[in-house]
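Reading through the structure tokens given below for one structure.
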Amino acid sequence: MLTSPPTLHVRRPSPTTAEFTVSTRPPLTLPLRLALLLVFLLRLALGASVLFLLYTKWLQSPYSTPYQLPAVPPPFFSEDNIFYLLYLLTQSPLGLSAARLTASTPTWALLAPSLLALYLCILRIHTTESLLVLRGLGIQTASTGDTFLGGDRTRFIPTEKICDVLINEAFKGFGAPAGAEGGGIGVEGS
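Per full-length UniProt numbering, the sequence shown starts with residue 1, numbered consecutively.
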């Protein structure tokens, strides 16, 4: 439901420009938008809970310093308020149970699954690749990064450097994702 077979979208914004986009994202309908919102909220909750578990483990290490509770709560939009709220969270029943869990778990056994869970939280669900053809100027290829932290990978090849444009289709499982690549002389890949 969150991904679909690759589909090709063609856009012609001007007579001298054409854009070809291949994407595994299905058309955005209301149920899909709600499902994506739910997935986003679940990823956010999972990431926050993993970071909180790692924070409670760090509080038990000899390198952490105990938080000094201020007499008056700090202003809401301040750095001290973040540490104050974290202190209140660690003293809550949820925080105490997380501290008990991390106290009985070695650091190496907690770190590997935590990093894997954080990596899964930032992975993209779908992928998009596009080829923009500008007559007289060249072509620009763009593809989305594997994670939300990585930006799009783009590459521009001027018309003078273009040798061949190869549109290929590769079999991957039962699908056949299409890809476009421009080959140029002396053009480095990104």
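By construction, the Cβ of each residue, glycine as well, lies at the ideal position given by its N, Cα and C atoms.
Values in this document were obtained by computation on a predicted structure and should not be read as measured data.
Can you tell me whether residue i is helix, strand or coil according to DSSP?
i	result
T159	helix
L36	helix
G145	coil
I125	coil
T102	helix
S190	Caution is warranted here: a pLDDT of 46 is assigned to S190, below 50, making its placement in the model unreliable, and the coordinate value is therefore given only provisionally. Note: S190 maps to coil in three-state DSSP.
T17	strand
A176	Low confidence applies here, because A176 scores a pLDDT of 48, under 50, leaving its location unreliable and the question unanswered by this model.
Name the residue from the options whose alpha carbon lies nearest to the alpha carbon of residue i.
i	options	result
A45	A142, A117, F156 and G138	A117
I82	P62, Y55 and P93	Y55
V133	R11, T3, T7 and P5	R11
V22	T7, S14, L110 and L38	T7
L2	R135, R153, R124 and I139	R124
A18	I162, I139 and G150	I139
T65	L149, Y87 and L131	Y87
F20	I162, T147, L131 and G150	L131
L69	D80, P62 and F76	D80
Y119	I162, A109 and L51	L51
Output the boundary residues of the alpha helix (DSSP H) element that contains residue i.
i	result
Q60	Per DSSP, Q60 belongs to no alpha helix (DSSP H) and is neither H nor E.
G150	G150 -> no alpha helix (DSSP H), and no H or E assigned at all.
F83	E79 to Q91
How far does the beta strand (DSSP E) with residue i in it reach, from first residue to last?
i	result
P71	Here the sequence assigns Ala to residue 71, which means Pro is not the residue at that position. Run containing A71: none; DSSP gives neither H nor E here.
R25	Here R25 belongs to no beta strand (DSSP E), and DSSP marks it neither H nor E.
L132	T128 to L134
P13	T7 to S14
Tell me whether the beta-carbon of residue i lies closer than 8 Å to the beta-carbon of residue j.
i	j	result
T24	H126	yes
A98	Q60	no
S143	E129	yes
L53	S14	no
Y84	P93	no
K57	T90	no
R155	G145	no
R43	C121	yes
S49	P26	no
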